[in-house]
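Here the sequence shown is numbered in the numbering used here, starting from 16 and rising by one per residue.
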Amino acid sequence: MSTKPDIPFKSAVMPQALTAESRLRFRCHKGISCFNACCKAADVTLTPYDILRLKRRLGLSSTELLRRHTVPFQMDADGLPGVKLKTDESGVCLQLAGDAGCAIYADRPTVCRYYPVALLALREQDAPTAEERYSVVQEAHCKGHEGPRELSVTAYRAEQGCEDFDSLNREWYQLILKKKSAGPAVGRPPEASLRLFFMASYDLDTFRRFVLSENFRNTYSLPKALYREVAQDDEALLRFSYRFLRQVLFGERTIEEVAGAWDRRVTQRQEVWEARRQRELERRMAAEDAKDSDGGDGRAS
Ligand code: SF4
Ligand code: SF4
Numbered sequence: 016m017s018t019k020p021d022i023p024f025k026s027a028v029m030p031q032a033l034t035a036e037s038r039l040r041f042r043c044h045k046g047i048s049c050f051n052a053c054c055k056a057a058d059v060t061l062t063p064y065d066i067l068r069l070k071r072r073l074g075l076s077s078t079e080l081l082r083r084h085t086v087p088f089q090m091d092a093d094g095l096p097g098v099k100l101k102t103d104e105s106g107v108c109l110q111l112a113g114d115a116g117c118a119i120y121a122d123r124p125t126v127c128r129y130y131p132v133a134l135l136a137l138r139e140q141d142a143p144t145a146e147e148r149y150s151v152v153q154e155a156h157c158k159g160h161e162g163p164r165e166l167s168v169t170a171y172r173a174e175q176g177c178e179d180f181d182s183l184n185r186e187w188y189q190l191i192l193k194k195k196s197a198g199p200a201v202g203r204p205p206e207a208s209l210r211l212f213f214m215a216s217y218d219l220d221t222f223r224r225f226v227l228s229e230n231f232r233n234t235y236s237l238p239k240a241l242y243r244e245v246a247q248d249d250e251a252l253l254r255f256s257y258r259f260l261r262q263v264l265f266g267e268r269t270i271e272e273v274a275g276a277w278d279r280r281v282t283q284r285q286e287v288w289e290a291r292r293q294r295e296l297e298r299r300m301a302a303e304d305a306k307d308s309d310g311g312d313g314r315a316s
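Dropping the structure here:
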């Protein structure tokens, strides 16, 4: 699958602009001469919901899933972090189970579901009209385009179970589009924001601990019911993570802060820095004293 999805997905390979009603000629099935050829040149960028599905499927925490099955990359010049599914050195997806095909087929990532269709744009959430646009990728090794079957993009998406994935990823795509279209007006987010983006987008179990921590509760004021929901429900936590990221990246304040929390945090930070400064001073003075007592030549006097 040599689409190189730069989320939201696009491809440089022979794009044809399509709408949801456009028809494409395509059928992929076991027994086709190219079966698995795409998975042997895999370049699969993962979305937050892909990771949620994969961690459930493989029975791993998100942290362990990221460590064992993904590789990091930068999605833009500002270092926005992305993750891809791991392959071997020749590009074969590690989820490929030989001739049997994809070992995680029911939970395969969005890119794999859509292929050979690429998602170019998604409608705004709750927008009255759908404005999704697609393109089709035609690669020489893929024989799925040669059969007689024709169907609409809508039917293809339904067949591949894309909508479940899009509905959980849609807000995240919009976040990234907003970040990209803002360009230099927003500038490179601070390192701390990029780390929060990684955690809230991909490392959901760590994000849950963060949201349920005392520090978070002392900083943000959320209804008790929401805390209960995000403690138990991964999908609810994912939706909350997008809300949190909008606040962190774009200052869209939808999560109320506890009165005085900011001032308290500044004071705490200052106390931490002051303690560190004091320790460093003491360390240097002790080193100077030691130098003086050995006569400056390393020998005790
Ligand atoms: S996850 Fe499955 S479908 Fe996707 S590239 Fe890997 S083996 Fe192929
Ligand atoms: S038809 Fe295309 S998508 Fe299906 S296995 Fe062959 S290369 Fe992959």
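Just so you know, even glycine gets a beta-carbon here, dropped at the ideal spot from N, CA and C. Keep in mind that this is a model prediction, so the values were computed, not measured.
Kindly indicate the opening and closing residues of the beta strand (DSSP E) around Glu11. Residue 11 is absent from the model: the chain starts at 16 and stops at 316.
Counting pairs of beta carbons, one from the stretch 209-224 and one from the stretch 66-80, are three or more of them closer than 8 Å? In the pairwise beta carbon analysis, the stretch 209-224 is classified as touching the stretch 66-80: at least three pairs are separated by under 8 Å.
How about Leu209 and Gly113: do their beta carbons lie closer than 9 Å? To locate residue 209, count along the sequence shown from 1; it is residue 194. To locate residue 113, count along the sequence shown from 1; it is residue 98. Taking 9 Å as the Cβ cut-off, Leu209 and Gly113 do not qualify as a contacting pair.
Separation of Glu79 from Arg148, as counted between CA atoms: Mapped onto the sequence shown, residue 148 falls at position 133. Mapped onto the sequence shown, residue 79 falls at position 64. When rounded, the distance between both Cα atoms is 35 Å.
Closest by C-alpha distance to Asp103, when choosing among Asp58, Ser37, Gln189: Start at 1 with the first residue of the sequence shown, and residue 103 comes out as number 88. Of Asp58, Ser37, Gln189, the residue nearest in Cα terms is Asp58.
What does a CB cutoff of less than 6 Å around Pro124 pick up in its chain, not counting 5 residues either side in sequence? For the purposes of this step, residue 124 is taken as residue 109 along the sequence shown, with counting starting at 1. Here the set comprises Val59, Leu61, Asp65.
Going by the beta-carbon positions, is the gap between Leu227 and Val263 smaller than 9 Å? Numbered from its first residue, the sequence shown carries residue 227 at position 212. Numbered from its first residue, the sequence shown carries residue 263 at position 248. Cβ distance not < 9 Å, so Leu227 and Val263 don't count as in contact.
Rounded to whole angstroms, how far is the Cβ of Leu253 from the Cβ of Leu190, which I believe are closer than 8 Å? Taking the first residue of the sequence shown as 1, we reach residue 253 at position 238. Taking the first residue of the sequence shown as 1, we reach residue 190 at position 175. Not confirmed; about 12 Å, so no contact.
Would you list the residues whose beta-carbon is nearer than 5 Å to any heavy atom of ligand 1, in the order they occur in the chain? Listed by chain position, these are Cys54, Ala57, Cys108, Gln110, Leu111, Cys117, Arg123, Cys127.
For Ser37, the three-state DSSP class (helix, strand or coil): Here residue 37 refers to the residue found at position 22 of the sequence shown. Three-state DSSP puts Ser37 in coil, outside helix and strand.
Starting from Thr234, trace the alpha helix (DSSP H) both ways and give me its first and last residue. Locating residue 234 in the sequence shown gives position 219, where the first residue counts as 1. Per DSSP, the continuous alpha helix (DSSP H) segment holding Thr234 begins and ends at 229-234.
Could you tell me the alpha carbon to alpha carbon distance between Arg83 and Leu73, rounded to whole angstroms? By 1-based counting over the sequence shown, the position of residue 83 is 68. By 1-based counting over the sequence shown, the position of residue 73 is 58. Cα to Cα, the separation comes out at about 11 Å.
Does any heavy atom of ligand 2 sit closer than 8 Å to the C-beta of Pro87? Taking the first residue of the sequence shown as 1, we reach residue 87 at position 72. Result no, Cβ not under 8 Å from ligand 2.
From Tyr188 to Glu289, what does the alpha carbon distance come to, in whole angstroms? For the purposes of this step, residue 188 is taken as residue 173 along the sequence shown, with counting starting at 1. For the purposes of this step, residue 289 is taken as residue 274 along the sequence shown, with counting starting at 1. Going by the C-alpha atoms only, they are around 41 Å apart.
Apply the 10 Å Cβ neighbour rule to Gly159 and answer buried if 16 or more other Cβ atoms are within range, or exposed otherwise. Counted from its first residue, the sequence shown places residue 159 at position 144. Flag for Gly159 reads buried.
Could you tell me how far apart the beta carbons of Tyr235 and Glu271 are, in whole angstroms, since I believe they sit closer than 8 Å? In the sequence shown, counting from the first residue as 1, residue 235 sits at position 220. In the sequence shown, counting from the first residue as 1, residue 271 sits at position 256. With a beta-carbon spacing of about 7 Å, Tyr235 and Glu271 fall inside the 8 Å limit used to define contacts.
Going by beta-carbon coordinates alone, are Leu109 and Lys101 separated by less than 9 Å? Position 94 of the sequence shown, counting from 1, holds the residue named residue 109. Position 86 of the sequence shown, counting from 1, holds the residue named residue 101. A contact, by the Cβ cut-off of 9 Å.
Is the beta carbon of Ser150 closer than 9 Å to that of Ala32? Against the sequence shown, residue 32 aligns to sequence position 17. Against the sequence shown, residue 150 aligns to sequence position 135. Yes, they are a contact pair.
Proximity of Cys117 and Cys54 at Cβ, strictly below 9 Å: Position 102 of the sequence shown, counted from the first residue, corresponds to residue 117. Position 39 of the sequence shown, counted from the first residue, corresponds to residue 54. A contact, by the Cβ cut-off of 9 Å.
Alpha-carbon to alpha-carbon, Tyr257 and Gln175: Here residue 175 refers to the residue found at position 160 when the sequence shown is read from its first residue. Here residue 257 refers to the residue found at position 242 when the sequence shown is read from its first residue. The straight-line gap from Cα to Cα measures roughly 25 Å.
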